[in-house]
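Quick notes on the structure that follows.
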Amino acid sequence: SAGQQAGRAGRREDVSAAIMVASSSPLDQFLVHHPEYFFEGSPENGLINPDNLLIVVNHIKCAAFELPFKRGEWFGHYEPTDALEYLTEAQLLHEVRGVWHWMSDTYPAEDISLRTAARENVVIIDHGDRARPRVVGEVDAFSAPMLVHTDAIYIHDGQQYHVDELDWESKKAYIRPVNVEHYTDASLSVRVEVIEQLSDGPADSERAHGEVLVGAIVTQYKKIRMHTHENLGWGKVFLPESQMHTSAYWLSLPRYLSERMHEATLNGALAGLANLIGNIAPVYLMCDPRDLGVYAQVKSPFTDSSTVFIYDKVPGGIGFAEKLYDAHDLLLRAALDHARSCGCQDGCPSCVGVRPTDEALPFAKQTTRQLLEVLLMRAGG
Numbered sequence: 002s003a004g005q006q007a008g009r010a011g012r013r014e015d016v017s018a019a020i021m022v023a024s025s026s027p028l029d030q031f032l033v034h035h036p037e038y039f040f041e042g043s044p045e046n047g048l049i050n051p052d053n054l055l056i057v058v059n060h061i062k063c064a065a066f067e068l069p070f071k072r073g074e075w076f077g078h079y080e081p082t083d084a085l086e087y088l089t090e091a092q093l094l095h096e097v098r099g100v101w102h103w104m105s106d107t108y109p110a111e112d113i114s115l116r117t118a119a120r121e122n123v124v125i126i127d128h129g130d131r132a133r134p135r136v137v138g139e140v141d142a143f144s145a146p147m148l149v150h151t152d153a154i155y156i157h158d159g160q161q162y163h164v165d166e167l168d169w170e171s172k173k174a175y176i177r178p179v180n181v182e183h184y185t186d187a188s189l190s191v192r193v194e195v196i197e198q199l200s201d202g203p204a205d206s207e208r209a210h211g212e213v214l215v216g217a218i219v220t221q222y223k224k225i226r227m228h229t230h231e232n233l234g235w236g237k238v239f240l241p242e243s244q245m246h247t248s249a250y251w252l253s254l255p256r257y258l259s260e261r262m263h264e265a266t267l268n269g270a271l272a273g274l275a276n277l278i279g280n281i282a283p284v285y286l287m288c289d290p291r292d293l294g295v296y297a298q299v300k301s302p303f304t305d306s307s308t309v310f311i312y313d314k315v316p317g318g319i320g321f322a323e324k325l326y327d328a329h330d331l332l333l334r335a336a337l338d339h340a341r342s343c344g345c346q347d348g349c350p351s352c353v354g355v356r357p358t359d360e361a362l363p364f365a366k367q368t369t370r371q372l373l374e375v376l377l378m379r380a381g382g
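When we follow the working numbering, the leftmost residue of the sequence shown carries the number 2, and every step to the right adds one.
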């Protein structure tokens with residue numbers, strides 16, 4: 002944590018100072034304008050869902066590597082028989098008279114990331130030197146179509162690479178070093194379907210959380226010149242849709258409000274609300290912004306109203322949704338405060354996003370702020 006890093010300086014007897022240099026990221030800009038969230042907040046609030054099956058099974062694999070499991074033995078509060086039988090079918094364990102032994106020649110902890118619970122990663126291989134290809138990194142399978150699709154420009158340690166091929170079947174991306182004046186930006190189409198609402202209240206509640214199915218597909222990408230952001234062209238991406246069962250928090254607009262707004266105005270305001278809340282949510286979760294996905298739907302079939310979903314980018318979810326549900330009022334208040342205090346006139350990436358191109362429409366910043374005021378008033382804030 003930042004507090005821990007600052008505490009290391011001069012911790013014996015010398016006076017020290019810690020300086021935070023903010024980047025242009027929305028999260029950094031929010032903290033600079035609202036330093037109380039850093040200085041007055043709790044130093045640590047890590048979240049984990051111990052009942053997430055992917056996490057549990059990975060822990061059981063590592064435990065079985067150390068000591069055999071006996072029938073009837075519990076793993077914490079989890080009864081592991083189903084998981085042990087699954088690992089036996091996968092030929093990782095071998096059962097002898099009710100005792101499961103590790104039988105694979107692999108070391109299970111090597112395949113488990115402390116950063117993600119995703120089971121599958123795409124290995125990124127630099128084959129610029131055909132005689133000596135090397136692995137330069139990995140990316141989770143859900144994010145790979147955005148970052149390492151064929152013909153993407155991938156940046157690693159300051160070096161640009163061209164993705165020659167993304168072999169989806171073998172989960173390998175082959176890259177080579179290049180020096181070009183552009184980067185690529187993939188267009189992602191996302192859909193969110195509510196599987197089950199876990200919070201109390203009707204489906205049209207203005208806040209809720211539950212289990213969702215997220216589908217994402219990359220259909221094309223743009224080549225954008227560095228510095229000038231000029232569009233240099235585009236290309237198609239041919240990859241299947243990625244699906245993930247995870248958890249989400251969602252907030253819905255009052256139906257009367259969305260029905261009274263012009264469609265284009267509603268689209269801009271809803272996109273601004275999604276951008277603003279998505280930028281601020283990591284402050285309350287103490288997570289990387291990349292751990293969250295944000296999706297705005299003008300009319301959700303589940304809520305029958307305009308809805309913003311914030312979902313865990315971890316299969317099964319790790320508790321972000323419930324935490325945001327509990328912090329709903331605080332989140333709205335912080336979002337409104339940031340929209341009011343942000344120095345831009347018409348919207349910027351740090352708050353509601355860029356302004357709409359149609360001059361006849363109200364700016365997204367103005368309408369987003371009005372939406373937040375209504376939502377807070379209805380929440381009693």
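Cβ atoms here follow ideal geometry from the backbone N, Cα and C, with glycine treated the same way.
On a predicted model such as this, the values are computed, not experimentally measured, just so you know.
**Report entry** For Leu54, the nearest candidate out of Ala328, Ser351, Gly318 and Gly344 (CA to CA)
**Finding:** Gly318
Requested in this report: Count the other C-beta atoms from every protein chain shown that fall within 10 angstroms of the C-beta of Asn232, then say buried if there are 16 or more, exposed otherwise.
Outcome: exposed
Query - Inter-residue spacing [alpha-carbon to alpha-carbon] between Tyr162 and Val284 - result: 32 Å
Requested in this report: Just the C-alpha distance for Ile125 and His95, rounded to the nearest angstrom, thanks.
Outcome: 33 Å
Query - Limits of the unbroken beta strand (DSSP E) element including His183 - result: His183 to Gln198
Report task. Let me know if Trp235 comes out buried or exposed under the rule of 16 or more other beta-carbons within 10 Å of its beta-carbon. Result -> exposed
Query raised in the report: Ends of the beta strand (DSSP E) at Lys224?
Result: Arg208 to Arg226
Query raised in the report: In whole angstroms, what is the alpha-carbon distance linking Asp334 and Pro255?
Result: The residue you asked about is not Asp; residue 334 is Arg in the sequence shown. Spanning the two alpha carbons is a distance of roughly 17 Å.
Report task. To the nearest angstrom, report how far apart Thr384 and Tyr326 are at their CA atoms. Result -> Residue numbering for the chain in the displayed model covers 2 to 382; residue 384 lies beyond these limits and cannot be assessed.
**Report entry** Alpha-carbon to alpha-carbon, Ser301 and Cys288
**Finding:** 27 Å
Report task. Tell me, to the nearest whole angstrom, how far the beta carbon of Ala142 is from that of Val123; I am working on the premise that it is less than 8 Å. Result -> 6 Å
Requested in this report: List the endpoints of the continuous alpha helix (DSSP H) containing Gln384.
Outcome: Only positions 2 to 382 of the chain appear in this structure, which leaves residue 384 out of reach.
**Report entry** Under the three-state DSSP convention, the category Thr369 falls into
**Finding:** helix
Requested in this report: Could you please give the first and the last residue of the uninterrupted alpha helix (DSSP H) stretch that includes Glu67?
Outcome: Leu54 to Glu67
Query raised in the report: Under a three-way DSSP split, which group does Gly289 fall into?
Result: In the sequence under discussion, the amino acid at residue 289 is Asp, which differs from the Gly named in the question. DSSP places Asp289 in coil when its eight states are reduced to three.
Report task. Could you check what DSSP says for Gln6 in three-state terms: helix, strand or coil? Result -> helix
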